[in-house]
Amino acid sequence: PSQEDFDGNQVFRVSVPNEDHINLIQELANSVQIDFWKPDSATQVKPLTTVDFHVKAEDVATVEKFLEQNEFHYEVLIGNVRNVLEAQFDSHTR
Amino acid sequence: ATGHSYTKYNKWETIEAWIQEVANNNPDLISRRTIGTTFEGRNIHLLKVGKPKASKPAIFIDCGFHAREWISPAFCQWFVKEAVRTYGQESQMTKLLDELDFYVLPVVNIDGYVYTWTRSRMWRKTRSTKAGSSCVGVDPNRNFNAGWCEVGASRSPCSDTYCGPAAESEKETKALADFIRQNLSSIKAYLTIHSYSQMMLYPYSYAYKLPSNNEELKALVKGAATELASLYGTKYTYGPGATTIYLAAGGSDDWAYDQGIKYSFTFELRDTGTYGFLLPESQIRPTCEETMLAVMYIANYVREHP
């Protein structure tokens, strides 16, 4: 396989106020491929915390719609993972 | 080690060449050994850093458990560089290396690290395959025999937190555990370097119980976090893993503690989410510099409390 380019992928930070929202996060993780950054998995999400996760470009709209429909507070931490991935090589010695 | 830089992310071949070079160039301070091979057959190298002397206490530091946490191997390289650079020049490091040995495992999950450079930057697990599943890899930090697979881990081979078919099923975790078991009498502290979220954790993560020396460990990480923050003001949170971050069974720090290593810590390096696993290279230097302060603080405490 060729190298994955991550173009259009996004990273979300979602506030989780209570158990109901934890269940919703788990529901989302069961329907869309989610790469959890913090915590490591849906089963480790705790109330009154935030969850960081990475979503493929083709799932971004679905995830945003889900979060809005269920009145989650969230922010987009990384708008395009590919750009940040390329920008990590910013060493002046390179 | 052509192309190697301490302020760049280095691919595995470059790190491996650097391991050989730094050992060859500093025979009075560094020795190298191979403690096993990975699933894909790569050698797992370990550096012993310290002035040779019979029966010294040791501190074990490993990096690169999770493949995508690139700042972690960068720190292990930085640590070795600083040891070489400052031995005989700065009193604290000189004292440490005269009285302690540091076992440094520059990359635990080498196959995964290679995969992040060649196929998918966001890969986390090992690259082992198992009969009966098309999914690849085990989470090495769920693969130790510490409440193995009880909480915060998955029995699904396709999960990112898959605990594996058995504790120490992975050649990489088995090699690490075997080495520590063989050297338990000398290893006084265990530090495992991860990213991200800026935390210093100590046991336990597999349960809400606290270690017998909880107060001592709490004071130690508090002091280390203060030291770390003194350079750039970077704030770290700290405490026992289960309450500070989340329940997670099978971690190497819990396992090391239960083996009798009473100073056992997990570091989660920068940042808190702006870049996550994609920390820019320009942050390697400040991240490693501040982390060195915390590691030196802990090492000095261990030296004074062997």
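The listed protein sequences derive, respectively, from chains A and B.
Oh and the first sequence: position 66 is 66 in my numbering, straight run, nothing missing.
Oh and the second sequence: position 163 is 1163 in my numbering, straight run, nothing missing.
Glycine is no exception: its CB is placed at the ideal position from the N, C-alpha and C atoms.
Next item on the list: Starting from the Cα of residue 1135 (chain B), find the closest Cα among B:1144, B:1123, B:1228 and give me that residue.
Entry: Of the candidates B:1144, B:1123, B:1228, the one whose C-alpha sits nearest the C-alpha of residue 1135 (chain B) is B:1123.
Note to self: Given a cut-off of 8 Å on the beta-carbon distance, is the pair residue 1261 (chain B) and residue 1174 (chain B) in contact?
What the structure shows: Result no, Cβ atoms of residue 1261 (chain B) and residue 1174 (chain B) do not sit closer than 8 Å.
Margin query: Contact defined as beta carbons within less than 8 Å: I believe residue 1057 (chain B) pairs with residue 1064 (chain B). What is the distance between those atoms, to the nearest angstrom?
Written below: That belief does not hold up - the Cβ atoms of residue 1057 (chain B) and residue 1064 (chain B) are roughly 24 Å apart, past 8 Å.
Check: Enumerated in chain order, which unbroken segments of the beta strand (DSSP E) with a length of 3 residues or greater are wholly contained in the region 1130 to 1214 of chain B?
Finding: 1187 to 1195, 1199 to 1202
Notebook entry, point to check: What is the DSSP secondary structure of residue 7 (chain A), counted as helix, strand or coil?
Noted result: coil
Checklist line | Segment limits, beta strand (DSSP E) that includes residue 1113 (chain B) | finding: No beta strand (DSSP E) contains residue 1113 (chain B), which is instead part of the alpha helix (DSSP H) from 1110 to 1118.
Notebook entry, point to check: Going along the chain, which residues of the region 39 to 70 of chain A sit with their C-beta nearer than 9 Å to a C-beta in chain B?
Noted result: So the list reads 39, 40, 41, 43, 44, 45, 46, 49, 50, 52, 54, given in the order they occur along the chain.
Item checked: Cβ neighbours of residue 54 (chain A) in the same chain (closer than 7 Å, five flanking residues each side left out) -> Closer than 7 Å at the Cβ level, and outside the excluded window around residue 54 (chain A), lie 9, 11, 35, 37, 81.
Notebook entry, point to check: Hey, is residue 85 (chain A)'s beta-carbon within less than 8 Å of any beta-carbon in chain B?
Noted result: yes
Next item on the list: Measure the Cβ-Cβ separation of residue 47 (chain A) and residue 19 (chain A) and say whether it is below 8 Å.
Entry: yes
Note to self: Would you say residue 94 (chain A) lies against chain B (beta-carbon separation less than 8 Å)?
What the structure shows: Since pLDDT at residue 94 (chain A) reaches only 49, below the 50 mark, its modelled position is unreliable, and the value read off the structure follows with that caveat. For residue 94 (chain A), the answer is yes, since a Cβ of chain B falls inside 8 Å of its Cβ.
Notebook entry, point to check: For the region 1233 to 1264 of chain B, which residues have a CB atom closer than 8 Å to at least one CB atom of chain A, in sequence order?
Noted result: 1245, 1246, 1247, 1248
Checklist line | Chain-ordered residues of the region 1269 to 1285 of chain B with a beta carbon less than 8 Å from chain A | finding: 1273, 1274, 1275, 1276, 1277, 1278, 1279, 1280, 1281, 1282, 1284
Next item on the list: My understanding is that residue 1243 (chain B) touches residue 1198 (chain B), with C-beta atoms under 8 Å, so please give their C-beta distance in whole angstroms.
Entry: Not quite, the Cβ-Cβ distance comes to about 17 Å (not below 8 Å), so this is no contact.
Note to self: Check whether chain A comes within 8 Å of residue 1152 (chain B), counting only Cβ atoms and requiring the distance to be less than that.
What the structure shows: Yes, residue 1152 (chain B) lies at the interface with chain A (some Cβ there is under 8 Å from its Cβ).
Margin query: Our contact map puts residue 1201 (chain B) next to residue 1241 (chain B) with C-beta atoms below 8 Å; I'd like the distance itself, whole angstroms only.
Written below: 4 Å
Check: Mind pulling the chain B residues with CB within less than 8 Å of residue 7 (chain A)?
Finding: Under the 8 Å cutoff, chain B gives no residues; its nearest Cβ is about 12 Å from residue 7 (chain A).
Notebook entry, point to check: Sorry if obvious, but does the Cβ on residue 1260 (chain B) come closer than 7 Å to a heavy atom of the ligand SAH?
Noted result: No copy of the ligand SAH appears in this structure; indeed no ligand is present at all.
Check: Could you give the distance in angstroms between the alpha-carbon of residue 1167 (chain B) and the alpha-carbon of residue 1250 (chain B)?
Finding: Those two C-alpha atoms are separated by around 8 Å.
Next item on the list: Hey, could you find the ends of the alpha helix (DSSP H) residue 1242 (chain B) is sitting in?
Entry: 1241 to 1244
Notebook entry, point to check: When Cβ atoms are compared, which residues of the region 1092 to 1105 of chain B fall closer than 9 Å to chain A?
Noted result: Shown here is that no member of the region 1092 to 1105 of chain B has a Cβ falling below 9 Å from a Cβ of chain A.
Margin query: From the DSSP secondary-structure annotation, give me the bridge partner or partners of residue 1271 (chain B).
Written below: Beta-bridge pairing links residue 1271 (chain B) to no other residue.
Note to self: Let me see if you follow: with CB-CB separation under 8 Å, is residue 26 (chain A) close to chain B or not?
What the structure shows: Cβ-Cβ to chain B under 8 Å: no for residue 26 (chain A).
Margin query: 8 Å is my cut-off, CB to CB: does residue 1014 (chain B) come that close to chain A?
Written below: no
Notebook entry, point to check: Count the other CB atoms within 10 Å of the CB of residue 1171 (chain B); is the residue buried (16 or more) or exposed (fewer)?
Noted result: buried
Check: Which residues of chain B have a Cβ atom closer than 9 Å to the Cβ of residue 91 (chain A), listed in chain order?
Finding: 1005, 1007, 1008, 1009, 1280, 1281, 1282, 1284
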